[in-house]
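Enquirer: Residue numbers for the sequence shown follow my numbering, so the first one is 309 and each next one is one higher.
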Amino acid sequence: PLDNIQKKSTPGDFALAKPSNTAEYVLSTIDQVVNWSRQGSIWPMTFGLACCAVEMMHMAAARYDQDRIGIVFRASPRQSDVMIVAGTLTNKMAPPLRKVYDQMPEPRWVISMGSCANGGGYYHYSYSVVRGCDRIVPVDIYVPGCPPTAEALMYGVLQLQKKMRRSRTTQLWYRK
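1) Taking Cβ positions, are Val451 and Gly464 nearer each other than 7 Å?
2) Rank Ala425, His366 and Cys359 by C-alpha distance to the C-alpha of Met252 and give the top, closest one.
3) Between the C-alpha atoms of Glu363 and Ala458, what's the straight-line distance to the nearest angstrom?
4) Any chance the region 364-380 sits against the region 397-413, with 3 or more Cβ pairs inside 8 Å?
5) Is it right to say Tyr409 is buried, meaning 16 or more other beta carbons lie within 10 angstroms of its own, or is it exposed?
6) Could you tell me which residues DSSP puts in a beta bridge with Ile392?
7) Is the distance from the Cβ of Gln469 to the Cβ of Gln347 below 7 Å?
8) What three-state label does DSSP hand Thr398 in the structure shown?
9) Grouping DSSP H, G and I as helix and E and B as strand, with all else coil, what is Val447?
10) Would a C-beta distance cut-off of 7 Å place Tyr372 and Met472 closer than the cut-off?
11) With 16 other CB atoms within 10 Å as the buried threshold, where does Arg474 fall?
12) Near Gln387, what residues of its chain come up, given a Cβ to Cβ distance below 7 Å and the 5 sequence neighbours on each side ignored?
13) Checking the sheet assignment: what are the DSSP bridge partners for Arg382?
14) Considering only the beta carbon of each residue, do Val437 and Gly428 sit closer than 7 Å?
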């Protein structure tokens, strides 16, 4: 079923705007190629804090096979470009989360997985829980659920791939 979602793409599929001169054409083509390669090789770092991390493991198993769309889990923040925050973020874990996020190289993205990471969830009114990891790090994709299924996380990763396709770092640098 997930094979139908993942479309085989080429760098030419990601045209954003018509370039006005040769330099913009070259830079837009470079952006398309870089975005195509970046969205095909996502290396997430797991920040599993609670039960949502089990569903993250399910996505890595044979049934959903994250390797076929280029996802390889990394243990080091210096080798990863995506952080998946899964579970209840407490006040004590907030500074380490930010420290690990700051160690990731640019460009970096964050997926918030589960109700607890999105907004505190069941423990929203607890004194020791951060009411959403977006108060600590900027979040790109929210995956709802308690716990969200592996399909929901896979869909969130596919949405992140769409977001990666739309980024225009080289063109924006050129226009400055």
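Backbone N, C-alpha and C fix where the C-beta goes; we use that ideal spot for every residue, glycine too.
Expert: On the basis of the supplied data:
1) Within the sequence shown, the letter at position 143 stands for residue 451. Within the sequence shown, the letter at position 156 stands for residue 464. In contact: Val451 and Gly464 (Cβ atoms closer than 7 Å).
2) Here the chain covers residues 309 to 484 and nothing more, so residue 252 does not appear.
3) The sequence position of residue 363 within the sequence shown is 55, counting from 1. The sequence position of residue 458 within the sequence shown is 150, counting from 1. The straight-line gap from Cα to Cα measures roughly 5 Å.
4) no
5) For the purposes of this step, residue 409 is taken as the residue at position 101 of the sequence shown. With 16 or more other Cβ atoms within 10 Å, it is buried.
6) If you number the sequence shown from 1, residue 392 lands on position 84. Paired residue(s): Thr354 and Ile419.
7) Residue 469 sits at position 161 when you count from the first residue of the sequence shown. Residue 347 sits at position 39 when you count from the first residue of the sequence shown. Yes, Cβ-Cβ distance for Gln469 and Gln347 is below 7 Å.
8) By one-based count along the sequence shown, residue 398 stands at place 90. Looking at Thr398 - three-state DSSP - the assignment turns out to be strand.
9) Taking the sequence shown and counting its residues from 1, one reaches residue 447 at position 139. If DSSP states are grouped into helix, strand and coil, Val447 belongs with coil.
10) Along the sequence shown, one-based indexing puts residue 372 at 64. Along the sequence shown, one-based indexing puts residue 472 at 164. Going by C-beta atoms, Tyr372 is not nearer than 7 Å to Met472.
11) By one-based count along the sequence shown, residue 474 stands at place 166. It counts as exposed.
12) Within the sequence shown, numbered from 1, the residue matching residue 387 stands at position 79. The answer, listed in chain order, is Trp351.
13) Position 74 of the sequence shown, counting from 1, holds the residue named residue 382. Arg382 pairs with Met353.
14) Translated into the one-based positions of the sequence shown, residue 437 becomes position 129. Translated into the one-based positions of the sequence shown, residue 428 becomes position 120. Taking 7 Å as the Cβ cut-off, Val437 and Gly428 qualify as a contacting pair.
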